[in-house]
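Asker: Handing you this structure, nothing more for now.
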Amino acid sequence: MNVAIVWFRGLLRLHDNPVLNWASSNDEIDSIVPIFIIEESDDVGGRPLLGDNRMRFLYESIVDLDKGLREQYDSTILVFSGDPRHVIASIVHCLDSDVKVLLTDYRSEPKMRVGITEIENLLKPSGVETMVFPAASTILDIEEVIGSETYKNPKSSRDIDAIMREYLDEGPDGYLVGEPLSKPVEVRSDSRTLEILTGHTGPSDYYIEMDEVRRRASENGGQSYFPGGESEALERLRCKVIDVPDFVNTFSKPDTFSTNENQNPLEPTTTGLSPYISTGCLSVRLVWTEVARANLNSEHTKPPQSLLGQLMFREMFYLLSRSVENWDDDIDNSNCKRIEWGSYDEALMTAWESGMTGYPYIDAMMRQLDTTGWMHHLGRHAVSCFLTRGQLWQNWKHGRDVFERKLIDSDWALNNGNWLWLAGVAPFSMPYYRVYNPCPDSRSSLNVETRDAAFIRHWVPELSTFPSRYIFEPHLAPIEIQRSSKCIIGEDYPEPIVNRNEARKRNMALFKESLENHVD
DNA sequence: GGATCCGTTGTAGCT
DNA sequence: AAGCTACAACGGATC
Numbered sequence: 004m005n006v007a008i009v010w011f012r013g014l015l016r017l018h019d020n021p022v023l024n025w026a027s028s029n030d031e032i033d034s035i036v037p038i039f040i041i042e043e044s045d046d047v048g049g050r051p052l053l054g055d056n057r058m059r060f061l062y063e064s065i066v067d068l069d070k071g072l073r074e075q076y077d078s079t080i081l082v083f084s085g086d087p088r089h090v091i092a093s094i095v096h097c098l099d100s101d102v103k104v105l106l107t108d109y110r111s112e113p114k115m116r117v118g119i120t121e122i123e124n125l126l127k128p129s130g131v132e133t134m135v136f137p138a139a140s141t142i143l144d145i146e147e148v149i150g151s152e153t154y155k156n157p158k159s160s161r162d163i164d165a166i167m168r169e170y171l172d173e174g175p176d177g178y179l180v181g182e183p184l185s186k187p188v189e190v191r192s193d194s195r196t197l198e199i200l201t202g203h204t205g206p207s208d209y210y211i212e213m214d215e216v217r218r219r220a221s222e223n224g225g226q227s228y229f230p231g232g233e234s235e236a237l238e239r240l241r242c243k244v245i246d247v248p249d250f251v252n253t254f255s256k257p258d259t260f261s262t263n264e265n266q267n268p269l270e271p272t273t274t275g276l277s278p279y280i281s282t283g284c285l286s287v288r289l290v291w292t293e294v295a296r297a298n299l300n301s302e303h304t305k306p307p308q309s310l311l312g313q314l315m316f317r318e319m320f321y322l323l324s325r326s327v328e329n330w331d332d333d334i335d336n337s338n339c340k341r342i343e344w345g346s347y348d349e350a351l352m353t354a355w356e357s358g359m360t361g362y363p364y365i366d367a368m369m370r371q372l373d374t375t376g377w378m379h380h381l382g383r384h385a386v387s388c389f390l391t392r393g394q395l396w397q398n399w400k401h402g403r404d405v406f407e408r409k410l411i412d413s414d415w416a417l418n419n420g421n422w423l424w425l426a427g428v429a430p431f432s433m434p435y436y437r438v439y440n441p442c443p444d445s446r447s448s449l450n451v452e453t454r455d456a457a458f459i460r461h462w463v464p465e466l467s468t469f470p471s472r473y474i475f476e477p478h479l480a481p482i483e484i485q486r487s488s489k490c491i492i493g494e495d496y497p498e499p500i501v502n503r504n505e506a507r508k509r510n511m512a513l514f515k516e517s518l519e520n521h522v523d
């Protein structure tokens, strides 16, 4: 019996899955054992790594994957919880000498790279080969690109464009990223092999039954607008990209809004595909292909603001996160300027995280994040600038941690990259003195109903009857208006936590001072 | 080698 | 109402 363990890590899908395809098309493999390993808690202990929405999304994605494997292939996925080294060693041990190969997809995070090398070395003595499939969750082969002698860290859209041009052929619209793989024809999973692993003699310390995974998926909120899983991902790709070429061809990221007019306020103005891409429920290559198809023979926006531009920046951050040492830190990171941030301020951090800063636009965004696990990109700009160089002068790493725990599309490379950018500390950042206005809609002063005002009313119900003219800065409303809107500032909704203009000016000066103090 | 240009998405105030 | 200007002023690449 030749067993292949297919370890699902960054690809929670059946389509465009080179790992599963390799295993299913290899005649020497008699039995495929699909597995997923959940690491539930931090090494340090303390608070859970993933917030409720992230956990729920993950469990739903696994349930969907299992459903696909059962219905289409009469297979299943086995879920384990624990340290992957221990789990995999235990599986190999239980199956005696049958396991021939461990297959998985490439992951670029330092922790994962170290982990897979350790596992490879661990399995070698037992004659088990480890195969890692590159370029599965990115378009470029990250190791190949950064290993090239000519590689230089990209820091603009031009740079990443040049890199992609070097590795990919140009098609009629954008680069040719290769045809996404179809689903495997068959997945041979020998039932005895699976029974050994799910029975009492198997690695029962780690095994979690699918019923338990289902229970956890429904237990963790179910609040969110985004259900996890490949089925949902493909459906969303269809209705937000394939069926709406006009939307794709006119897409311009900076011009999108926090919310839709006359639509479900939970439906993003962007594609909302990010949670599916970050978990690997959806192939980024498939998204690229479908966007390029919509672009074909039609006028369309171009990178960097177009949809393909967004995917190109994703590649850029993946490259940087792999080539820049200490990508997730503010010291010994060549892409992070040394800034003397204020010390951790629990009151400020709590107000920010819980959406109680007294700035409705910021608070609406943070409450949306907490409830649904998602936030519009421009909102992420606003709240992260507000927390760091804009108003609160807190280290970007504190905000990064909150995003990492709560965002269902959290991605180590992208999350750190975006915080570096927005805190103004990276070589690819905007100049530090370009500070986002936390009360951004100037039209509101004309008492015009705006999309952002509708967004605030939805997420900050205290202000639901506040007139548009004052809704971005309700503390400026005369007391009669506060009374008639049934929202007294300082009682029903907080006073602003800081004076935004004073804080901005002070922080700009502090930022400049830090730059002068730390000239290399 | 100093000047100039440029950077995915700024703000405020004016017409 | 889109488009202009002034603001404040980084840092690397290019010429």
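Using the working numbering, the letters of the first sequence correspond one by one to residues 4 to 523.
Glycine residues also receive a C-beta, built at the ideal position from the N, C-alpha and C atoms.
For residue 261, which three-state DSSP category applies?
Answerer: Of the three classes helix, strand and coil, the one that applies to residue 261 here is coil, per DSSP.
Asker: Please specify which runs of the alpha helix (DSSP H), each continuous and at least 4 residues long, are wholly inside the stretch 332-411, giving them in chain order.
Answerer: DSSP runs (the alpha helix (DSSP H)) wholly in the stretch 332-411: 349-357, 363-375, 380-388, 399-409.
Asker: Secondary structure at residue 133, three-state DSSP: helix, strand or coil?
Answerer: Residue state, collapsed to three classes: strand.
Asker: Looking at residue 83 and residue 108, is the spacing between their C-beta atoms short of 8 angstroms?
Answerer: Contact: no.
Asker: Leaving out the 5 sequence neighbours to the left and right, which residues in its chain are closer than 8 angstroms to residue 81 when beta-carbon positions are compared?
Answerer: Hits under 8 angstroms: 36, 37, 38, 39, 197, 200, 201, 210.
Asker: From the DSSP output, read off the bridge partner residues of residue 83.
Answerer: Its beta-bridge partners are 40, 210.
Asker: For residue 338 and residue 215, I'd like the C-alpha separation in whole angstroms.
Answerer: Each residue's alpha carbon lies about 43 angstroms from the other.
Asker: If you draw a straight line from the C-alpha of residue 441 to the C-alpha of residue 292, how long is it?
Answerer: So the alpha carbons of these two residues sit roughly 37 angstroms apart.
Asker: Ignore the nearest five residues each way along the sequence and tell me which others in residue 479's own chain have a CB closer than 8 angstroms to its CB.
Answerer: 473.
Asker: Given that a residue counts as buried once 16 or more other Cβ atoms are within 10 Å of its Cβ, and exposed if not, what is residue 207?
Answerer: It counts as exposed.
Asker: Which same chain residues, not among the five before or five after residue 467, have their C-beta less than 7 angstroms away from its C-beta?
Answerer: Here the set comprises 460.
Asker: Decide if residue 378 is buried, meaning its Cβ has at least 16 other Cβ atoms within 10 Å, or exposed.
Answerer: The residue is buried, with at least 16 neighbouring Cβ atoms inside 10 Å.
Asker: Assign residue 465 to one of two classes, buried (16 or more other C-beta atoms within 10 Å of its C-beta) or exposed (fewer than that).
Answerer: Buried, because 16 or more other Cβ atoms sit within 10 Å of the Cβ of residue 465.
Asker: Given a cut-off of 8 angstroms, decide if residue 358 and residue 369 are closer than it, judged by their beta-carbon atoms.
Answerer: Their beta carbons are under 8 angstroms apart, which means residue 369 touches residue 358 by this criterion.
Asker: For residue 70, does the three-state DSSP call read helix, strand or coil?
Answerer: In the structure shown, residue 70 sits in a helix (DSSP, three-state: H, G or I).
Asker: Please report how far the alpha carbon of residue 180 lies from the alpha carbon of residue 171, in whole angstroms.
Answerer: One C-alpha to the other measures close to 7 angstroms.
Asker: Could I get the ranges of all uninterrupted beta strand (DSSP E) runs contained in the stretch 130-183, with 3 residues as the minimum, in chain order?
Answerer: Within the stretch 130-183, the complete beta strand (DSSP E) runs of at least 3 residues are 132-136.
Asker: Use the C-beta contact count for residue 340: other C-beta atoms within 10 angstroms, 16 or more gives buried, fewer gives exposed.
Answerer: Per the 10 Å Cβ criterion, buried.
Asker: From the DSSP output, in three-state form, read off residue 62 for me.
Answerer: Here residue 62 sits in helix by DSSP.
Asker: Can you tell me which of the three DSSP states residue 34 falls into?
Answerer: Of the three classes helix, strand and coil, the one that applies to residue 34 here is strand, per DSSP.
Asker: Starting from the Cα of residue 425, find the closest Cα among 384, 411, 73, 400 and give me that residue.
Answerer: Of 384, 411, 73, 400, the residue nearest in Cα terms is 384.
Asker: Would residue 3 and residue 276 be called neighbours here (beta carbons separated by less than 8 angstroms)?
Answerer: This structure cannot speak to residue 3, because the chain is shown only from 4 to 523.
Asker: According to DSSP, what are the bridge partners of residue 104?
Answerer: According to DSSP, which records beta bridges pairwise, residue 104 is partnered with 7, 132.
Asker: So, helix, strand or coil for residue 1, using DSSP?
Answerer: Since the displayed the chain opens at 4 and closes at 523, residue 1 lies outside it and no answer follows.
Asker: Where do the N-terminal and C-terminal ends of the alpha helix (DSSP H) with residue 292 fall, by residue?
Answerer: Where residue 292 is concerned, the enclosing alpha helix (DSSP H) stretches over 287-298.
Asker: DSSP beta-bridge partners for residue 496?
Answerer: For residue 496, which the question treats as bridged, DSSP gives the partners 492.
Asker: Excluding the five sequence neighbours on either side, which residues of its own chain have a C-beta within less than 7 angstroms of the C-beta of residue 126, listed in chain order?
Answerer: Excluding sequence neighbours, residue 126 sits near 95, 105, 133.
Asker: Using beta-carbon positions only, say whether residue 550 and residue 438 come within less than 8 angstroms of one another.
Answerer: Here the chain comprises residues numbered 4 to 523, so residue 550 is not present and cannot be evaluated.
Asker: Mind reading off the beta-carbon distance from residue 118 to residue 87? Whole number of angstroms is fine, and I expect it under 8 angstroms.
Answerer: Their Cβ separation, rounded to whole angstroms, is 6 angstroms, which keeps residue 118 and residue 87 in contact under 8 angstroms.
Asker: Since residue 266 is in the alpha helix (DSSP H), which residue starts that stretch and which ends it?
Answerer: Here residue 266 belongs to no alpha helix (DSSP H), and DSSP marks it neither H nor E.
Asker: Can you give the Cα-Cα distance for residue 401 and residue 149, rounded to whole angstroms?
Answerer: Distance between the alpha carbons of residue 401 and residue 149 is about 29 angstroms.
Asker: My assumption, with CB atoms under 8 angstroms, is that residue 67 sits in contact with residue 231. Please give the rounded CB distance.
Answerer: Yes, they are in contact, since the Cβ atoms of residue 67 and residue 231 sit about 7 angstroms apart, within 8 angstroms.
Asker: Looking at C-alpha atoms only, which residue of 315, 413, 330 is the closest neighbour of residue 160?
Answerer: Of the candidates 315, 413, 330, the one whose C-alpha sits nearest the C-alpha of residue 160 is 315.
Asker: Starting from the C-beta of residue 302, find all residues in its chain whose C-beta is less than 7 angstroms away, skip the five residues before and the five after it, and write them out in chain order.
Answerer: Closer than 7 angstroms at Cβ, skipping near neighbours: 252.
Asker: Looking only at C-alpha atoms, which of 164, 184, 101 sits nearest to residue 25?
Answerer: For residue 25, the nearest C-alpha among the options comes from 184.
Asker: Can you list, in chain order, the residues of its chain with a C-beta nearer than 7 angstroms to that of residue 431? Leave out the 5 residues immediately preceding and following it.
Answerer: Result list for residue 431: 158, 159, 424, in chain order.
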